[in-house]
Each structure stands twice: as C-alpha cells, then as structure tokens.
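Numbering (this note's numbering), first residue to last: 253 to 546.
Below is the structure:
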C-alpha cells in the first residue's frame with residue numbers, strides 16, 4: 253500500500269490590490285497517512301498553523317503585513333484580511349504527516365500587492381539603466397508640480413553557492429548531527445533549505461535561520477540543522493546532507509556533504525542560472541525544483 257503524501261493544488265493570487273481580502277488554498281492528498289499539521293509561511297516565516305490535535309486547532313502567529321481571519325481559515329485554506337504593500341512576498345504551504353511516516357511536502361507561490369496607480373498625466377523625465385556584474389538596477393523618476401516619485405528595482409545574484417560548515421567526520425545511529433549552511437551575499441537574501449538523502453527536511457527537525465544585512469546593502473542567509481541520526485537516515489551506510497539556496501524561481505544553487513563509511517566527502521557544486529521553468533497550473537501537483545543535478 254502506497255503512502256504518498258502530496259500537495260495537489262496551491263492557489264495563491266498572483267496579484268491583489270491594497271485593502272483586499274484574499275484566500276490562500278492548499279489542497280493535499282493524504283493517501284493512507286494521518287495529518288499532523290498544516291503550516292503557512294510568508295518569506296520563510298510561519299504565520300498560521302493548523303494542528304488537528306491542538307486546541308484551538310487553528311493558530312495565528314503575528315507577522316507584519318499578514319492579518320488572518322481565524323473564523324474563515326482551516327485545514328485547507330487561510331484567509332487574509334486587508335492586505336497591504338507589506339503583504340507582498342512568497343507564501344508557502346507545508347503539510348506534515350503523523351507517525352510512522354513523518355512525511356512532509358511543501359509548495360510555494362508569490363503574491364504581489366499593488367498600491368495606488370501613479371498619476372497618468374506624468375511622464376518619465378529621467379531614466380537610466382546601469383548594469384553592475386550580475387546586477388541590473390533601473391531607476392525611473394516621475395516629476396510633476398507637487399510630486400516627485402523615484403522607483404528603484406534592484407537584484408544582485410551571488411557568484412558562488414552556499415557553504416556547509418560544522419559536523420564531524422563520522423556519524424553513528426544515536427549521534428547528534430549539528431551542521432550549518434550559509435549563502436553568499438545577494439539581494440534579496442537567499443532562501444535556504446536542507447535535504448537529507450534528497451528528502452526535504454520537515455518541521456520535525458530542529459532548524460534555526462537568520463539573515464545578516466551588510467553595509468553594502470547585500471544580505472546573507474544562514475540555516476542550521478540539528479537532529480539525532482537514526483537508521484532511516486543511512487542508505488547503504490551513506491548519509492547525504494544537501495543545502496539549496498534560491499534567489500529567484502529560476503536561480504537555484506546547492507552544495508552537498510556525503511558521509512561514507514565514516515569519511516566526509518564534498519560533492520562538486522553545480523549551478524544552473526536562468527533556466528526556464530513552467531509554473532504549475534491550478535489543480536496540478538507542484539513540480540519538483542529543476543536546474544540542479546548532484
């Protein structure tokens with residue numbers, strides 16, 4: 253009997269107007285496993301969880317730009333009231349199963365909240381585009397008799413992949429694994445994720461993330477991983493720990509450490525930049541990330 257927890261559909265509006273109320277839906281298929289929790293994140297920060305065995309089962313964790321209507325939220329959707337510009341971001345649904353499978357799956361979508369339209373009578377008076385390494389900065393100035401608006405969009409992609417530090421040369425069943433992943437400087441900060449033997453680490457593992465803002469305006473992300481090694485973590489006496497860093501949907505980098513017979517080996521970093529990827533249509537399962545082969 254197959255026990256394959258999966259997300260069948262994630263529905264997040266691509267755009268919303270300031271002041272709107274929106275519903276985010278996460279439809280999943282348990283397929284013979286028992287639901288443990290549903291968790292919602294905005295830019296990797298949890299703001300809502302639904303745990304059937306808790307009371308109340310639905311709980312809101314305060315977060316700027318997010319206001320949850322608990323009376324309309326539940327195990328398959330979360331209802332956001334009065335969204336504003338701070339509500340713009342990446343929304344992720346994470347579904348976790350109870351023992352003995354402890355499976356965890358996730359999917360994410362971006363939502364952009366639109367503010368008031370600029371006056372239609374204005375026209376750009378100055379416009380310049382400057383390219384710096386992998387950075388494209390576009391600045392447009394709108395000028396009228398009483399309003400001066402400057403809109404700047406910038407993105408800086410890193411030139412190297414994430415670095416894995418910590419750990420020890422050998423792990424046995426029962427040992428505590430404590431390891432850290434740090435991204436290179438970028439803007440915006442990279443989103444980091446851990447994988448154990450190609451399985452995404454779920455909420456049952458202890459992780460701690462942080463972001464550092466540098467003087468040049470760039471950011472680095474850090475994500476730790478800590479767990480007790482069990483037999484299920486070793487395949488033919490091998491345990492592979494992989495960290496991925498994503499900046500945009502088409503820019504994903506990774507690094508991997510493999511523990512083989514008590515010796516630690518590092519794989520070669522592989523990067524695919526700007527590889528086109530299709531977004532899943534409504535009702536389709538969320539695709540696996542592309543562009544990285546290890």
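Ideal Cβ placement from N, Cα and C applies to all residues, glycine included.
Reference residue 256; option with closest CA among 348, 429, 448, 488: If we check each option's Cα against that of residue 256, 348 comes out closest.
Determine, using beta carbons only, whether residue 343 and residue 264 come nearer to each other than 8 Å. yes
Beta bridge counterpart(s) of residue 311 as assigned by DSSP: 301
Using 8 Å as the cut-off, can you tell me whether the segment 426 to 445 makes contact with the segment 480 to 496, which would need three or more C-beta pairs spanning the two stretches below that distance? yes
Measure from the alpha carbon of residue 277 to the alpha carbon of each residue in 314, 358, 336, 295, then state which is nearest. Checking every option, the nearest Cα to that of residue 277 belongs to 358.
Using CA atoms only, rank isn't needed, just tell me which of 318, 415, 328, 350 is closest to residue 454. Considering only alpha carbons, the answer is 350.
Tell me whether the beta-carbon of residue 475 lies closer than 8 Å to the beta-carbon of residue 444. yes
Just the Cα atoms here: how many angstroms apart are residue 323 and residue 284? 29 Å
Under three-state DSSP, which class holds residue 484? Here residue 484 sits in helix by DSSP.
Going by other Cβ atoms of all chains shown within 10 Å of its Cβ, with 16 needed for buried, is residue 411 buried or exposed? exposed
Three-state class that DSSP yields for residue 444 in the structure shown: strand
DSSP-derived helix/strand/coil call for residue 432: strand
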